[in-house]
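Visitor:
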Amino acid sequence: MAKIILKKNEERRIVKGHLWIFSNEIHLIEENPENGSIVDVYDSKNKFLGAGFYNKNSLISVRILSRRKIENLNELFKERILDAYELRKASLSGRDSYRLVFSESDFLPGLIIDKYNDTYVLQVYSFGMDKNIEIVCNLLKNELGAKNIFSKNEEYFRVLEGLSTEDKIYLGEITDEVISDGEVKYNINFTKGHKTGFYFDQSDNRHFLAKFVSGKTILDCFCNSGGFGLNAINGDAASVSFIDSSETEIENVKKNIELNGFSSNFDFVIGDAFEELEKYKAEGRKFDVVNLDPPAFAKNKKNLLSAIAGYEKLNKLGMEVLVNSGFLVTSSCSFHLKKREFLEAVHSAARKAKKEIKLVYFNTASMDHPSLPEMNETSYLKFALFFVKDL
Numbered sequence: 001m002a003k004i005i006l007k008k009n010e011e012r013r014i015v016k017g018h019l020w021i022f023s024n025e026i027h028l029i030e031e032n033p034e035n036g037s038i039v040d041v042y043d044s045k046n047k048f049l050g051a052g053f054y055n056k057n058s059l060i061s062v063r064i065l066s067r068r069k070i071e072n073l074n075e076l077f078k079e080r081i082l083d084a085y086e087l088r089k090a091s092l093s094g095r096d097s098y099r100l101v102f103s104e105s106d107f108l109p110g111l112i113i114d115k116y117n118d119t120y121v122l123q124v125y126s127f128g129m130d131k132n133i134e135i136v137c138n139l140l141k142n143e144l145g146a147k148n149i150f151s152k153n154e155e156y157f158r159v160l161e162g163l164s165t166e167d168k169i170y171l172g173e174i175t176d177e178v179i180s181d182g183e184v185k186y187n188i189n190f191t192k193g194h195k196t197g198f199y200f201d202q203s204d205n206r207h208f209l210a211k212f213v214s215g216k217t218i219l220d221c222f223c224n225s226g227g228f229g230l231n232a233i234n235g236d237a238a239s240v241s242f243i244d245s246s247e248t249e250i251e252n253v254k255k256n257i258e259l260n261g262f263s264s265n266f267d268f269v270i271g272d273a274f275e276e277l278e279k280y281k282a283e284g285r286k287f288d289v290v291n292l293d294p295p296a297f298a299k300n301k302k303n304l305l306s307a308i309a310g311y312e313k314l315n316k317l318g319m320e321v322l323v324n325s326g327f328l329v330t331s332s333c334s335f336h337l338k339k340r341e342f343l344e345a346v347h348s349a350a351r352k353a354k355k356e357i358k359l360v361y362f363n364t365a366s367m368d369h370p371s372l373p374e375m376n377e378t379s380y381l382k383f384a385l386f387f388v389k390d391l
């Protein structure tokens, strides 16, 4: 087994529980390991720290798989995947669709598996995981009864690892699925949908929204497949207005409304949420609840300042189309934007909008997205509910 020795004191993060070793933390690499191979990692005093996948072409040189030496990768993967499955069964009783594996959080770095009934969609973002993906697919088939397995990767992360950006079908075929996130049904079109097909990370937060919307008017911005708005309808909202820039997503919302047999007061807008909010402000149109769930504004640290300005502007517009004593529901999926910075952006927006706000509820991602306490990278979603009054 190839051996990697860290520089003095560079083991501190790893000892605390972090799973990434960066290239500038390495003192010595013995035996010239191939990309994707398993290496043993030692501190500067030659104490064993763990074993993981190596990639000399990535800023993340080693992704720790185990704190013990790895004798049988197949058995390790089996243990990890079945542990993840049992955790989801325990915490998401009655659901057949969810995030089964959340990468480092389930100690399978560089691997995401979303389960849609018997269809499993993969995102593979480490060289070593990609090299051994057939082990994963065989386990999904033989242990969990998978009928369809295919990938839907984001090119950006594959390129960082020096991997091909072409998606693959590993088993079966790509067909639409109808899933339930516990309360509402959704039609999943894998060829047209974002990410792996559905945003499971907001499931718990969508259910939460349904608890306080009865009789209220709702504006669902960046609605995607309509998850927040559909849960609002399920919670007896008086009306829901859906906004998304994608005609495909708006059509999908309409299909999901029909799928659930909902009959209520809806309207749909294909357009830029910022521009539509400006129009509503100019028209004096108001809502009891405004939901803002934009895509990530900060893909990297370089974009952080502009992202903060974007969140501030968006939340200001959201507050300006709220009734007095309304509710602002706002999210950020930008990892580089910390909780404190996110809340400060909302507070700054409130001052500029001349509003008084109270933080009523704060949450992160749903229970199928666990996080590691010593690895901030595994916790990215911020979800907040504010009570908003005019000054």
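Take my numbering: the last position of the sequence shown gets the number 391, and nothing is skipped along the way. Note that CB positions come from ideal geometry on N, CA and C, so glycine has one too.
1. Can you tell me the Cα-Cα spacing of Leu230 and Asn260, whole angstroms?
2. Might you give, ordered along the chain, the residues of its own chain that have their beta carbon closer than 7 Å to the beta carbon of Ile233, omitting 5 neighbours on each side?
3. Go through its chain and collect everything with a Cβ distance to Gly128's Cβ below 6 Å, but skip five positions before and after it.
4. Can you tell me the Cα-Cα spacing of Asn46 and Ile5, whole angstroms?
5. Given a cut-off of 8 Å on the beta-carbon distance, is the pair Ala309 and Leu337 in contact?
6. With three or more C-beta pairs closer than 8 Å as the rule, is the segment 269 to 277 touching the segment 296 to 303?
7. Decide if Met1 is buried, meaning its Cβ has at least 16 other Cβ atoms within 10 Å, or exposed.
8. May I have the straight-line CA-CA distance separating Leu68 from Val329, to the nearest angstrom?
9. Smallest Cα separation from Arg95: which of Leu209, Asn153, Glu183 and Phe150?
10. Pull up the DSSP beta-bridge partners for Gln123, would you.
11. Mind the definition here: the segment 168 to 180 touches the segment 66 to 82 only if three or more C-beta pairs lie below 8 Å; say whether that holds.
12. Mapping the DSSP letters down to three states, classify Gly229 as helix, strand or coil.
13. Is the beta carbon of Leu19 closer than 8 Å to that of Ile64?
14. When the Cα of Ser246 is compared with those of Asn224, Gly235 and Asn363, which residue comes out closest?
15. Using a Cβ-Cβ cut-off of 7 Å (strictly less than) and excluding sequence neighbours within five positions of Ile113, which residues of its own chain qualify?
16. If you follow the alpha helix (DSSP H) that Tyr42 is part of, which residue opens it and which one closes it?
17. Quick one: any contact between the segment 347 to 360 and the segment 194 to 204, if contact means 3 or more CB pairs under 8 Å?
18. Along the alpha helix (DSSP H) that carries Ser306, what are the first and last residues, could you check?
19. Can you give me the start and stop residues for the alpha helix (DSSP H) that Glu249 sits inside?
20. Going straight from the alpha carbon of Leu163 to that of Asp106, what length do you get?
21. Find out if the Cβ-Cβ distance for the pair Ala353, Glu320 is shorter than 8 Å.
22. Expressed to the nearest angstrom, what Euclidean distance is found between the alpha-carbon atoms of Lys147 and Ile174?
Guide: To lay it out plainly:
1. Counting from 1 along the sequence shown, the entry for residue 230 is found at position 230. Counting from 1 along the sequence shown, the entry for residue 260 is found at position 260. Leu230 and Asn260 have their C-alpha atoms some 9 Å from each other.
2. Looking up residue 233 in the sequence shown gives position 233. Val240, Phe262 and Ser264.
3. Position 128 of the sequence shown holds residue 128. Correct list, in chain order: Gly36 and Phe53.
4. Sequence index remark: in the sequence shown, residue 46 carries index 46 (1-based). Sequence index remark: in the sequence shown, residue 5 carries index 5 (1-based). Approximately 7 Å, taken between the alpha carbons.
5. Residue mapping note: residue 309 aligns to position 309 of the sequence shown, counting from 1. Residue mapping note: residue 337 aligns to position 337 of the sequence shown, counting from 1. No, the pair does not count as a contact, with Cβ atoms beyond the cut-off.
6. As far as the Cβ criterion goes, the segment 296 to 303 does not touch the segment 269 to 277, which means the pair count is below three.
7. Residue mapping note: residue 1 aligns to position 1 of the sequence shown, counting from 1. The residue is exposed, with fewer than 16 neighbouring Cβ atoms inside 10 Å.
8. Within the sequence shown, residue 68 is the residue found at index 68, counting from 1. Within the sequence shown, residue 329 is the residue found at index 329, counting from 1. It is Arg, not Leu, that sits at residue 68 in the sequence shown. Their Cα atoms are separated by approximately 44 Å.
9. Residue 95 sits at position 95 when you count from the first residue of the sequence shown. Measuring from the Cα of Arg95, the nearest candidate turns out to be Glu183.
10. Counted from its first residue, the sequence shown places residue 123 at position 123. In the DSSP output, where bridge partners are listed per residue, Gln123 has Ile112.
11. no
12. By 1-based counting over the sequence shown, the position of residue 229 is 229. Of the three classes helix, strand and coil, the one that applies to Gly229 here is helix, per DSSP.
13. Residue 64 sits at position 64 when you count from the first residue of the sequence shown. Residue 19 sits at position 19 when you count from the first residue of the sequence shown. A contact, by the Cβ cut-off of 8 Å.
14. Within the sequence shown, residue 246 is the residue found at index 246, counting from 1. If we check each option's Cα against that of Ser246, Asn224 comes out closest.
15. Here residue 113 is taken as the residue at index 113 of the sequence shown, counted from 1. These residues qualify, in order along the chain: Leu100, Val101, Tyr120 and Leu122.
16. If you number the sequence shown from 1, residue 42 lands on position 42. Run containing Tyr42: none in the alpha helix (DSSP H); it sits in the beta strand (DSSP E), Ile38 to Tyr42.
17. no
18. Walking along the sequence shown from the start, residue 306 turns up at place 306. Following the DSSP letters along the chain, one finds Ser306 inside the alpha helix (DSSP H) bounded by residues Leu304 to Glu320.
19. In the sequence shown, residue 249 corresponds to position 249, counting from 1. It spans Glu247 to Asn260 - the alpha helix (DSSP H) in which Glu249 sits, taken as one unbroken run.
20. For the purposes of this step, residue 163 is taken as the residue at position 163 of the sequence shown. For the purposes of this step, residue 106 is taken as the residue at position 106 of the sequence shown. Cα to Cα, Leu163 sits roughly 22 Å from Asp106.
21. The count along the sequence shown starts at 1 and reaches residue 353 at position 353. The count along the sequence shown starts at 1 and reaches residue 320 at position 320. Contact: yes.
22. The residue you call residue 147 lines up with position 147 of the sequence shown. The residue you call residue 174 lines up with position 174 of the sequence shown. Using only the alpha carbons, I get a separation of about 10 Å.
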